[in-house]
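**Student:** Mind having a look at this structure? Questions to follow.
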Amino acid sequence: MITGILLLCLAVGLYVVCSLYLLRNPWILHKRKRLEFYCRNISHRGGSGEKIENTMEAFTHAVSAGTEMLEMDCHLTSDGYVVISHDSNLMRQTGYDQTVSSLRFQDLPLYEERLEVTFYVGHYSTGKDRQFVLLEDLFKKFPSMPMILEIKENNDLLIKKVSNLVKQYHRESITVWASEESGVMVKCKEQNPSMPYMFTMKRGILLLLLFYTGLLPFVPLGESLLFFYLPSIINRTYIPEESILKKRFVVYLLQKLTMRKSLFEHLTKRGLQVQLFVCNEESDMEAAFAVGATGVMSDYPTLLTNFIKKHPPPIYN
1 MITGILLLCL
11 AVGLYVVCSL
21 YLLRNPWILH
31 KRKRLEFYCR
41 NISHRGGSGE
51 KIENTMEAFT
61 HAVSAGTEML
71 EMDCHLTSDG
81 YVVISHDSNL
91 MRQTGYDQTV
101 SSLRFQDLPL
111 YEERLEVTFY
121 VGHYSTGKDR
131 QFVLLEDLFK
141 KFPSMPMILE
151 IKENNDLLIK
161 KVSNLVKQYH
171 RESITVWASE
181 ESGVMVKCKE
191 QNPSMPYMFT
201 MKRGILLLLL
211 FYTGLLPFVP
221 LGESLLFFYL
231 PSIINRTYIP
241 EESILKKRFV
251 VYLLQKLTMR
261 KSLFEHLTKR
271 GLQVQLFVCN
281 EESDMEAAFA
291 VGATGVMSDY
301 PTLLTNFIKK
311 HPPPIYN
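full-length UniProt numbering puts the first residue of the sequence shown at 1, with every later residue one more than the last.
The structure is reproduced here in structure tokens:
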């Protein structure tokens with residue numbers, strides 16, 4: 001009996017030591033990922049705090065301000081065009097209670113003249129350009145700019161058309177599949193396995209379980225990027241719709257469970273990039289980089305560019 005307990009303790013001790021060692025030295029088991037981009041400055045919806053979100057003016061301004069990656073969401077119009085829009089229903093953005101999928105591209109209404117920044121409550125953006133943008137036009141305008149494409153609906157045709165455009169413009173290595181839904185991500189990977197992809201919600205939860213059980217260093221990861229909220233913005237600059245996230249204890253717990261520097265360091269040593277969002281104040285940018293993020297997503301690309309110039313974060317290569 002005593003011998004069995006001793007052997008169990010020895011096995012557990014050995015497992016813990018191996019897990020901790022491999023957490024710090026993951027290259028022993030895993031080949032480091034080599035992405036063709038390294039982005040510290042990511043513009044959320046094209047920098048929706050400085051220009052009307054997801055317009056060509058916003059994307060152009062963000063690039064001129066020094067952003068290194070553009071983030072956007074894709075939908076399909078009724079006549080089969082891939083259009084950039086965060087919402088499927090256009091009420092918030094345009095004042096019209098219609099869906100993108102029910103309209104032809106030429107019939108999409110204009111954005112509101114003044115639009116509240118989703119992740120910065122009480123702040124608004126304006127701009128001369130209020131038109132929706134085609135994904136193809138962005139590919140033509142910014143052929144070498146890395147982009148995150150979030151697929152906002154479980155639509156096989158949308159996924160196929162996005163994939164075809166990526167292939168047509170030879171952007172497989174600098175365009176990222178993004179979706180919170182595992183079912184959508186499976187289809188994205190099947191349609192174009194050459195593109196890097198992010199963790200879905202389910203895979204993100206699994207990542208945390210692997211980390212806290214010590215199994216993470218032993219498990220291969222297909223993902224190349226981790227996108228996640230900086231929890232400290234919740235109920236401060238960002239007011240979520242989910243009632244559970246309005247509870248202070250839940251946000252506190254989320255902060256403690258997810259903002260683990262050792263986890264982020266392990267991922268970056270394996271060649272993954274960790275991007276925290278949406279940081280619209282310098283204090284949040286500082287907090288994100290301090291915890292080990294390789295990149296920050298912001299609605300204010302100019303502010304983020306200036307912050308990085310003043311406080312250059314380390315580059316994990």
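Quick reminder that beta carbons are idealized off the backbone N, C-alpha and C, glycines included.
Going by the CB atoms, is the gap between Tyr169 and Phe142 shorter than 7 Å?
**Tutor:** The residue labelled residue 142 in the question sits at position 142 within the sequence shown. The residue labelled residue 169 in the question sits at position 169 within the sequence shown. No.
**Student:** If we ignore side chains and look at the alpha-carbon of each, how far apart do Val278 and Ser179 end up?
**Tutor:** Residue numbering aside, residue 278 sits at position 278 when the sequence shown is read from its first letter. Residue numbering aside, residue 179 sits at position 179 when the sequence shown is read from its first letter. Roughly 16 Å between the two C-alpha positions.
**Student:** Determine the burial state of Arg236: buried for a count of at least 16 other Cβ atoms within 10 Å of its Cβ, exposed for fewer.
**Tutor:** One-based indexing of the sequence shown puts residue 236 at position 236. The residue in question, Arg236, is exposed, as its Cβ has fewer than 16 Cβ neighbours within 10 Å.
**Student:** So Lys261 packs on Gly292, CB below 8 Å; how close in whole Å?
**Tutor:** As a position in the sequence shown, residue 261 is number 261, starting the count at 1. As a position in the sequence shown, residue 292 is number 292, starting the count at 1. At roughly 5 Å, the Cβ-Cβ gap stays under 8 Å, so Lys261 and Gly292 are in contact.
**Student:** Decide if Leu303 is buried, meaning its Cβ has at least 16 other Cβ atoms within 10 Å, or exposed.
**Tutor:** For the purposes of this step, residue 303 is taken as the residue at position 303 of the sequence shown. Label assigned to Leu303: buried.
**Student:** For Ile5, count neighbouring Cβ atoms within 10 angstroms of its own Cβ and tell me buried if that reaches 16, exposed if not.
**Tutor:** By one-based count along the sequence shown, residue 5 stands at place 5. Under this definition Ile5 is an exposed residue.
**Student:** May I ask you to report which of helix, strand or coil DSSP gives Glu150?
**Tutor:** The residue given as residue 150 occupies position 150 in the sequence shown. Residue state, collapsed to three classes: strand.
**Student:** List the residues that DSSP assigns as beta-bridge partners of Leu276.
**Tutor:** Along the sequence shown, one-based indexing puts residue 276 at 276. Bridge partners of Leu276: Phe228, Val296.
**Student:** Suppose only complete runs of 4+ residues qualify. What are the alpha helix (DSSP H) ranges in the segment 162-219, listed by chain order?
**Tutor:** Here the runs fully enclosed are 182-191, 201-213.
**Student:** Can you tell which of Glu190, His86, Met69, Ser64 has the C-alpha that lies nearest to the C-alpha of Gln275?
**Tutor:** The sequence position of residue 275 within the sequence shown is 275, counting from 1. For the residues Glu190, His86, Met69, Ser64, the minimum Cα distance to Gln275 belongs to Met69.
**Student:** Thinking just about the alpha-carbon of each residue, which of Val251, Ile315, Asp97, Lys167 is nearest to the one in Met195?
**Tutor:** For this step, residue 195 is matched to residue 195 along the sequence shown. Among Val251, Ile315, Asp97, Lys167, the Cα nearest to that of Met195 is on Lys167.
**Student:** Tell me, which residues are paired with Tyr124 by DSSP?
**Tutor:** For the purposes of this step, residue 124 is taken as residue 124 along the sequence shown, with counting starting at 1. Per DSSP, Glu116.
**Student:** In three-state DSSP terms, what is Asn306?
**Tutor:** Locating residue 306 in the sequence shown gives position 306, where the first residue counts as 1. It is helical.
**Student:** Note down the Cα distance separating Val63 from Met147, rounded to an integer number of angstroms.
**Tutor:** Here residue 63 is taken as the residue at index 63 of the sequence shown, counted from 1. Here residue 147 is taken as the residue at index 147 of the sequence shown, counted from 1. So the alpha carbons of these two residues sit roughly 12 Å apart.
**Student:** Can you have a look at Tyr15 and say buried or exposed, based on whether 16 or more other CB atoms are within 10 angstroms of its CB?
**Tutor:** Indexing the sequence shown from 1 puts residue 15 at position 15. So Tyr15 ends up on the exposed side.
**Student:** Just to confirm the assignment, what range does the alpha helix (DSSP H) spanning Leu253 have?
**Tutor:** Stepping through the sequence shown from its first residue, residue 253 is reached at position 253. Residues 248-258.
**Student:** Considering only C-alpha positions, which residue in the set His86, Ser182, Leu8, Tyr21 is nearest to His44?
**Tutor:** Within the sequence shown, residue 44 is the residue found at index 44, counting from 1. Ranking the options by Cα distance to His44, first place goes to His86.
**Student:** Could I get the ranges of all uninterrupted beta strand (DSSP E) runs contained in the segment 37-94, with 3 residues as the minimum, in chain order?
**Tutor:** Runs found: 41-44, 69-76, 82-84.
**Student:** Per DSSP, what kind of secondary structure is Leu134 in: helix, strand or coil?
**Tutor:** Here residue 134 refers to the residue found at position 134 when the sequence shown is read from its first residue. The answer is strand: DSSP assigns Leu134 an E or B state.
**Student:** Would you mind stating whether Tyr124 and Phe105 have Cβ atoms separated by less than 7 Å?
**Tutor:** The count along the sequence shown starts at 1 and reaches residue 124 at position 124. The count along the sequence shown starts at 1 and reaches residue 105 at position 105. For Tyr124 and Phe105, no; Cβs fall outside 7 Å.
**Student:** With contact counted as at least three CB pairs below 8 Å, one residue from each stretch, are the segment 49-59 and the segment 105-115 in contact?
**Tutor:** Flag = yes, the segment 49-59 and the segment 105-115 touch.
**Student:** According to DSSP, simplified to helix, strand and coil, what is Tyr238?
**Tutor:** Sequence index remark: in the sequence shown, residue 238 carries index 238 (1-based). Residue state, collapsed to three classes: strand.
**Student:** How big is the Cα-Cα spacing for Arg248 and Asp137?
**Tutor:** Stepping through the sequence shown from its first residue, residue 248 is reached at position 248. Stepping through the sequence shown from its first residue, residue 137 is reached at position 137. If you take the alpha carbons of Arg248 and Asp137, they lie about 43 Å apart.
**Student:** Can you list, in chain order, the residues of its chain whose CB lies under 8 Å from that of Leu10, leaving out five sequence neighbours each side?
**Tutor:** Looking up residue 10 in the sequence shown gives position 10. Nothing listed; no residue qualifies.
**Student:** Output yes or no for whether 7 Å exceeds the beta carbon distance between Leu22 and Pro231.
**Tutor:** Translated into the one-based positions of the sequence shown, residue 22 becomes position 22. Translated into the one-based positions of the sequence shown, residue 231 becomes position 231. Against a cut-off of 7 Å, the Cβ pair of Pro231 and Leu22 comes out as no contact.
**Student:** Between which residues of its own chain and Lys33 is the CB-CB distance below 7 Å, once the five residues before and five after are set aside?
**Tutor:** Start at 1 with the first residue of the sequence shown, and residue 33 comes out as number 33. Correct list, in chain order: Ser224, Arg270, Gly271, Leu272.
**Student:** Can the beta-carbon of Leu135 be found less than 7 Å from the beta-carbon of Leu76?
**Tutor:** As a working note, residue 135 is residue 135 in the sequence shown. As a working note, residue 76 is residue 76 in the sequence shown. No, the Cβ-Cβ distance between Leu135 and Leu76 is not below 7 Å.
**Student:** Closer than 6 Å by C-beta to Glu282: which residues in its own chain qualify, once you throw out the five before and the five after it? Chain order, please.
**Tutor:** Mapped onto the sequence shown, residue 282 falls at position 282. Cβ neighbours of Glu282 beyond the five flanking positions: Phe307.
**Student:** Count the other CB atoms within 10 Å of the CB of Pro220; is the residue buried (16 or more) or exposed (fewer)?
**Tutor:** Position 220 of the sequence shown holds residue 220. Exposed, since its Cβ has fewer than 16 Cβ neighbours within 10 Å.
**Student:** Would you kindly work out how many angstroms separate the C-alpha atoms of Thr94 and Leu103, rounded to a whole number?
**Tutor:** On the sequence shown, residue 94 is found 94 positions in, with the first residue counted as 1. On the sequence shown, residue 103 is found 103 positions in, with the first residue counted as 1. So the two alpha carbons sit approximately 13 Å from each other.
**Student:** Pick from Tyr212, Lys160, Ala287: whose alpha carbon is nearest that of Tyr229?
**Tutor:** Within the sequence shown, numbered from 1, the residue matching residue 229 stands at position 229. Residue Ala287 is the option with its Cα nearest to Tyr229.
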